[in-house]
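Notes follow once the structure below has been shown.
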Amino acid sequence: NAGVTQTPKFQVLKTGQSMTLQCAQDMNHNSMYWYRQDPGMGLRLIYYSASEGTTDKGEVPNGYNVSRLNKREFSLRLESAAPSQTSVYFCASSEARPGYTDTQYFGPGTRLTVL
Amino acid sequence: GEDVEQSLFLSVREGDSSVINCTYTDSSSTYLYWYKQEPGAGLQLLTYIFSNMDMKQDQRLTVLLNKKDKHLSLRIADTQTGDSAIYFCAETPYSNSGYALNFGKGTSLLVTP
Numbered sequence: 012n013a014g015v016t017q018t019p020k021f022q023v024l025k026t027g028q029s030m031t032l033q034c035a036q037d038m039n040h041n042s043m044y045w046y047r048q049d050p051g052m053g054l055r056l057i058y059y060s061a062s063e064g065t066t067d068k069g070e071v072p073n074g075y076n077v078s079r080l081n082k083r084e085f086s087l088r089l090e091s092a093a094p095s096q097t098s099v100y101f102c103a104s105s106e107a108r109p110g111y112t113d114t115q116y117f118g119p120g121t122r123l124t125v126l
Numbered sequence: 002g003e004d005v006e007q008s009l010f011l012s013v014r015e016g017d018s019s020v021i022n023c024t025y026t027d028s029s030s031t032y033l034y035w036y037k038q039e040p041g042a043g044l045q046l047l048t049y050i051f052s053n054m055d056m057k058q059d060q061r062l063t064v065l066l067n068k069k070d071k072h073l074s075l076r077i078a079d080t081q082t083g084d085s086a087i088y089f090c091a092e093t094p095y096s097n098s099g100y101a102l103n104f105g106k107g108t109s110l111l112v113t114p
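Chains as they are written, first to last, in the working numbering: chain A, 12 to 126; chain B, 2 to 114.
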């Protein structure tokens, strides 16, 4: 039981390049999330998927797209990377059952640098 | 959205108690969480409290909740050097963002020998 896994762990891009960050969970969770973490800013929600087949924008969605490929996998794509997207990206998942504590489990993060 | 507020830095001596404070924004938050982040790692759930409770104790951790003031605190008894990390409080705001959490900016706890 690996929990939430993310690939790659580190990535350096040049401005304008594209890439996809991969996330997978093996806990049969309904909801999945992408956050970015910047120094002094805490975590900010980029996109989330409340359930398989749905995706919605969070607080800072500009410059990103997502795909909920199946219940396990939720990918984040940068179509044309910009230096402002240099950050640490965290994927999380949760069971998301109404009326229950909805603990989110986080992956180890992807450290992205855009030059 | 509105900010969840935390002090940015706390330094304590090994063996002392640490108290990390948080002011949250949404009085309808059902659960409030404390997460811990060690250097270079992801976030790890430490504990949570249901909004109808005012205190929860879990070994060295004590969470206090004051709903009237929207104030949450985390007390770590007998703080150890291994407790040095960033601590985030998070609320579950009523919003369209599913169950997404609203995080504070984190408190860096430094424990000195």
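Yeah, the Cβ is synthetic: ideal placement off N, Cα and C, and Gly gets one too.
Next item on the list: Check whether the Cβ atoms of H40 of chain A and E106 of chain A lie closer than 7 Å to each other.
Entry: yes
Notebook entry, point to check: Is DSSP giving T121 of chain A helix, strand or coil here?
Noted result: strand
Notebook entry, point to check: Is DSSP giving D84 of chain B helix, strand or coil here?
Noted result: helix
Check: Is it true that the segment 82–102 of chain A meets the segment 28–44 of chain A, where meeting means three or more beta-carbon pairs spaced less than 8 Å apart?
Finding: yes
Notebook entry, point to check: With 7 Å set as the bound, which would you pick, yes or no: does the beta-carbon of K106 of chain B sit closer than that to a beta-carbon of chain A?
Noted result: yes
Notebook entry, point to check: In chain order, what residues of the segment 44–62 of chain B put their CB closer than 9 Å to some CB of chain A?
Noted result: L44, Q45, L46, Y49 and F51
Check: Since L102 of chain B meets chain A, which of its residues come closer than 7 Å, beta carbon to beta carbon?
Finding: Q115
Check: So, helix, strand or coil for Q96 of chain A, using DSSP?
Finding: helix
Next item on the list: Look at the Cβ atom of T93 of chain B, then the Cβ atom of R76 of chain B, and state whether they are nearer than 7 Å.
Entry: no
Notebook entry, point to check: Which of the three DSSP states, helix, strand or coil, is assigned to L62 of chain B?
Noted result: strand
Check: Are L110 of chain B and Y88 of chain B touching if we call contact CB-CB under 7 Å?
Finding: yes
Item checked: Beta-carbon proximity check, Q38 of chain B vs A101 of chain B, cutoff 7 Å -> no
Notebook entry, point to check: How far does the beta strand (DSSP E) with M43 of chain A in it reach, from first residue to last?
Noted result: S42 to D49
Next item on the list: Apply the 10 Å Cβ neighbour rule to R14 of chain B and answer buried if 16 or more other Cβ atoms are within range, or exposed otherwise.
Entry: exposed
Next item on the list: Assign F104 of chain B to one of two classes, buried (16 or more other C-beta atoms within 10 Å of its C-beta) or exposed (fewer than that).
Entry: buried
Next item on the list: Mark G2 of chain B as exposed unless 16 or more other C-beta atoms lie within 10 angstroms of its C-beta, in which case mark it buried.
Entry: Low local confidence applies: a pLDDT of 49 at G2 of chain B is under 50, so the model's placement there is unreliable, with the coordinate-based value given in what follows. G2 of chain B is exposed by the Cβ-count criterion.
Notebook entry, point to check: Which residue from B:L9, B:K68, B:D17 and B:S74 puts its Cα closest to that of L47 of chain B?
Noted result: B:S74
Next item on the list: Spell out the partners DSSP gives M30 of chain A in its beta bridges.
Entry: A:L89
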